[in-house]
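Position 401 of the sequence shown, counted from 1, bears residue number 388 in my numbering, the numbering being contiguous throughout.
Backbone N, C-alpha and C fix where the C-beta goes; we use that ideal spot for every residue, glycine too.
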Amino acid sequence: MIKQLLLDLYIIYALCINGAKQSEVTPKSVGIMLALDILIPRSFCISNKQLTEFNTMDEKARNELPAIIAKIREAGITAAANMTVTEQQNSTVGESSIKGPMWVSKFYLSAPENDIVQELTLRVIDELGNPIKTNTQPASVGIDVEWVGYRSNVDSNTPEPPISEIEKYHNLMEEAKNTGVVMYVYGGAFYLNTPARYRKITARLSKMTGLPCMMVRQRLAPQHPFPAALIDVFHGYMSLLSPHPSAPNSAIPGSSIVLAGDSSGANLALGLLQILLTLRRKGISSLEYHGRKVTLELPAGLTLLSAVGELTNTLPSYKHNASHDVFPRDLTPTVLPGFPVCAIWPSKPPRGNIYCEGPVLAHPIASPACAEDWTGSPFMWFCSGQEQIVDGAKVIAKNAFGQGVQVVFREYEGMPHTFMWHLPGAPQSEHCWKAWAETCRSIIMGTTGSTSEKVFIDHQGMEAHDENLTQLISLTREEASEIIKQGAKRYKPFTGKYSSL
C-alpha cells in the first residue's frame, strides 16, 4: 500500500513537471511523502523510458511547479507526522525478489579480529571535534555486501538462476566491459533503505558504465547512530583494497575505484574521504587489515548526487530554494511535539536527531561542509537540483577547489532533491544519468582532464559553464560552519512519551 502510494506520488509529480494541471494533484494522489525524513524507495522509481535528447520543458508547467511542490510538501508533512520511525523504517528494509537484467551477488564479511577501522574512525572523530559518548560507540561487526551488475539478454521478469553466490559474481564480472568498480553508498536519511532498494539503479549504472557496482548494507539509525554507518562504509572500502577471506574479489587499487553516493550516502562518502585524508596527513599511510598490511589509497574520484553536506538544514538555500523542493521548511517531523513514539524513537537516552547527538551535527565528519582541509582529494563531481540542501555541497566544492582539488559542480534549474530517481521521465534526469555514467568511466580511464567548473543547466537544457568556482556560493567555509554550529543548538533531545511503550 505504502509503496503504491509513493509510486503514485512521483508518477504524478513527473506528469506535473511535463505539463499536468495543478488541479490534478490531490491529497489522495499525493499519498505518503515523508518529507526530509524519508527518501522514496528507489526500486519503484526507475523508468525504462530512454530519452535521446534534452527536450525543452513546457514554460507553463514550469511556472505551475512551485504550487504543485507546495501541495506535495504539505501532504507529505501531514503523513510523516502520523507515522512512527519504526513504520517508516520497516517500509524500506524488506527484501525483494531478484529478477530482470541484473546480477546480484551477496556476501557476509566478518569483522577483523582487531578492528583498526573502528579504532581509527573514532580517533579521527575525537581529534576533529566532539568525542563520541561511550554509550553511542558502535559495536565492531561484520558487513553484508552486494555486488550488482548488468545481466544481458533477459527480460524484466526473468528470475535469477539457481546458482551459488560466487557463480553469480563470476557471471557479473564476465559481463563487465571495463576494469574497475563503483562503490555505491546509498541514501535514506541514515535510517532507511537497504542495498535491495538500489539494485535497479546500480544495475543501470553498471550497464551504462561497463563497471560492476558494490554496496555495503549500512547499519541504520536510530538504533545505530553516528558513526556506525560510516564505519560500515569504511570496512566496505577496505574490503576492496584488501579483500576479506570470504570476499569474491581480488585486491582492487584505489585508482580503479569510483566512490559514489546520493543524499545521505554522499554524506557518508565525503565523511570517509575526510577520514582517509586526515589519516594520511597524520602519517598513517597503511594499516593492518585481516592480517595484511594495506596501503591506505584514495579512490580515483567521487561522484555525488544531491549530496547532504550538512545536517542542520540552516544554510540559506534551505529556505531560498523551498519552492523547488519537497522538504519541510523548518525542523523535521520526527523531533516536533506530538510526533508518535515507538520502540526505537525517541532513543534511550534521548537525543535531538535520529542520526546523532545535537552537537555532533556540526562535526566536520558528520557535516563535511564544516571540514577545513580537502587538500589532496581526488576528482570530485557533484550533481544537484536547485534544492534546499544544495548550499552544503556548494561550500564543500568551493573549499576543495580553493585548495587545488579538481571539482565539477552541476546544478539543474528547478529540480528537487534526488530528481534523477524520482522523476524518471523528465529529460533532466536522463541528461543527469548520461553525464554521471560518462564521468564514472572517465574517472576510471583517467580522462577527466584538469578543468574545474560549475555547470548550470536551465529548464531548456542550455548549459552555462563557469570555471571560477570561487563564486559558487558567497559563504565562506568559516561562515557556513558558524551557521551550522548555531543551527545544531536547535536540536534539543526529543523525549516523546514513554508511558505508552
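Cβ pair residue i, residue j closer than 8 Å
| i | j | result |
| --- | --- | --- |
| residue 322 | residue 339 | yes |
| residue 387 | residue 364 | yes |
| residue 342 | residue 481 | no |
| residue 318 | residue 353 | no |
| residue 293 | residue 372 | yes |
| residue 141 | residue 98 | no |
| residue 211 | residue 130 | no |
| residue 115 | residue 355 | no |
| residue 170 | residue 246 | yes |
| residue 202 | residue 185 | yes |
| residue 260 | residue 217 | no |
| residue 92 | residue 152 | yes |
| residue 209 | residue 112 | no |
| residue 68 | residue 320 | yes |
| residue 403 | residue 56 | yes |
| residue 133 | residue 182 | yes |
| residue 268 | residue 359 | no |
| residue 229 | residue 276 | yes |
| residue 329 | residue 71 | yes |
| residue 63 | residue 174 | no |
| residue 448 | residue 414 | yes |
| residue 366 | residue 430 | yes |
| residue 370 | residue 309 | no |
Integer Cβ distance of residue i from residue j, believed to fall under 8 Å
| i | j | result |
| --- | --- | --- |
| residue 103 | residue 274 | 5 Å |
| residue 385 | residue 301 | About 18 Å separates the two Cβ atoms, so there is no contact after all. |
| residue 243 | residue 287 | 7 Å |
| residue 311 | residue 374 | 6 Å |
| residue 207 | residue 383 | That pair is no contact at about 24 Å. |
| residue 90 | residue 194 | Between residue 194 and residue 90 the Cβ distance is about 11 Å, and since that is not below 8 Å, they are no contact. |
| residue 266 | residue 285 | About 11 Å; that fails the 8 Å criterion. |
| residue 227 | residue 239 | 5 Å |
| residue 196 | residue 424 | 5 Å |
| residue 460 | residue 378 | 6 Å |
Residues that residue i bridges to, as DSSP identifies them
| i | result |
| --- | --- |
| residue 451 | 443 |
| residue 94 | 132 |
| residue 146 | 86 |
| residue 304 | DSSP lists no partner for residue 304. |
| residue 292 | 249 and 370 |
| residue 396 | 369 and 441 |
| residue 203 | 132 |
| residue 195 | Paired residue(s): none; residue 195 is not in a bridge. |
| residue 178 | Answer is none; residue 178 lacks a bridge partner. |
| residue 531 | This structure cannot settle anything about residue 531, because the visible part of the chain is limited to -12 through 488. |
| residue 137 | 89 |
Proximity to residue i [Cα-Cα], best of the options
| i | options | result |
| --- | --- | --- |
| residue 347 | 378, 468, 240 and 266 | 468 |
| residue 332 | 75, 66 and 311 | 75 |
| residue 179 | 81, 198, 167 and 154 | 81 |
| residue 136 | 126, 117, 105 and 168 | 168 |
| residue 163 | 199, 424, 229 and 265 | 199 |
| residue 87 | 145, 132 and 72 | 145 |
| residue 391 | 377, 208, 362 and 453 | 362 |
| residue 515 | 437, 435, 441 and 324 | Past the boundaries of the shown model lies residue 515; the chain is included only from -12 to 488, so the question cannot be answered. |
| residue 231 | 191, 100, 172 and 187 | 100 |
| residue 439 | 396, 295 and 370 | 396 |
| residue 241 | 254, 224, 483 and 112 | 224 |
| residue 432 | 228, 166 and 315 | 166 |
| residue 474 | 344, 334, 204 and 79 | 344 |
| residue 85 | 328, 329 and 149 | 149 |
| residue 295 | 357, 399, 60 and 441 | 357 |
| residue 376 | 398, 139, 105 and 420 | 398 |
| residue 95 | 450, 233 and 378 | 233 |
| residue 405 | 429, 252 and 219 | 252 |
| residue 389 | 157, 125 and 455 | 455 |
| residue 368 | 407, 441 and 278 | 441 |
| residue 83 | 172, 429, 147 and 349 | 147 |
| residue 394 | 407, 409, 450 and 426 | 426 |
| residue 125 | 158, 219 and 66 | 219 |
| residue 334 | 483, 59 and 65 | 483 |
| residue 445 | 434, 435 and 416 | 416 |
| residue 143 | 235, 190, 316 and 73 | 190 |
Within-8 Å CB hit, residue i to chain E
| i | result |
| --- | --- |
| residue 348 | This model lacks chain E altogether; it includes just one protein chain. |
Extract the residue ranges of the beta strand (DSSP E) inside the segment 224 to 287, only unbroken runs of 3 or more that lie entirely within it.
244 to 249, 273 to 276 and 279 to 282
Minimum length 4: unbroken alpha helix (DSSP H) runs contained in the segment 405 to 443:
406 to 409 and 414 to 432
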